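S.K.:
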Amino acid sequence: FDAIAASCIPILISDRWRILANPFSHGKDGLVSGGIDYESFTVRVDEEDWMNDVGIVAEKLLPILADSTKMQSLFSNLQENQKALLWSMPDNIVAELVLESARQCIEYD
Numbered sequence: 092f093d094a095i096a097a098s099c100i101p102i103l104i105s106d107r108w109r110i111l112a113n114p115f116s117h118g119k120d121g122l123v124s125g126g127i128d129y130e131s132f133t134v135r136v137d138e139e140d141w142m143n144d145v146g147i148v149a150e151k152l153l154p155i156l157a158d159s160t161k162m163q164s165l166f167s168n169l170q171e172n173q174k175a176l177l178w179s180m181p182d183n184i185v186a187e188l189v190l191e192s193a194r195q196c197i198e199y200d
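Going by the working numbering, the residue at position 77 of the sequence shown is 168; the numbering climbs one at a time, nothing skipped.
(1) So the alpha helix (DSSP H) residue 152 belongs to, where does it begin and stop?
(2) Can you list, in chain order, the residues of its chain with a C-beta nearer than 6 angstroms to that of residue 180? Leave out the 5 residues immediately preceding and following it.
(3) Taking the C-alpha atoms as reference points, what is the distance between residue 100 and residue 164?
(4) With distances taken Cα to Cα, identify the nearest neighbour of residue 96 among 182, 103, 194, 176.
(5) Who are the near neighbours of residue 166 in its chain, counting only those whose CB is closer than 8 angstroms to its CB and skipping five residues on each side?
(6) The alpha helix (DSSP H) that contains residue 127, what's its start and end?
In structure tokens form, the structure reads like this:
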């Protein structure tokens, strides 16, 4: 979350991010109420590409970096989601999302 705090577009190097570490996002029936669409402000890189051929990673990132519309969209979405992810942000909504996520998980059982 350091990248988010620094207003940098996070690059996620994980094939299982959505399953294991995607807070406030997906529940039993898809996107939870108030959930965060991480794909709207992150770039994901396959673990195998990262470990075996960083050149492939660079080739995949260059078109994104060259697309000013895509970069603006990623940055704008990042700004919109910072209050939902950073406890240190003024007027953050992290606690509300934690409680809502817990409530929805309890309702699924």
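For each residue, glycine too, the CB sits at the ideal point set by N, CA and C. Quick caveat: nothing in here was measured; it's all calculated off a predicted structure.
M.R.: On the basis of the data shown:
(1) From DSSP, the alpha helix (DSSP H) with residue 152 extends over 145-157.
(2) Exclusion of the five residues before and after residue 180 leaves 173, 174 as the residues of its chain whose Cβ lies within less than 6 angstroms of its Cβ.
(3) Rounded to the nearest whole angstrom, the C-alpha separation of residue 100 and residue 164 is 11 angstroms.
(4) Distances from the CA of residue 96 to each of 182, 103, 194, 176 were compared; the closest alpha carbon is that of 176.
(5) The beta carbon of residue 166 sits closer than 8 angstroms to the beta carbons of 98, 100, 132 from its chain, once the five residues preceding and following it are set aside; these are given in chain order.
(6) No alpha helix (DSSP H) contains residue 127, which DSSP labels as neither H nor E.
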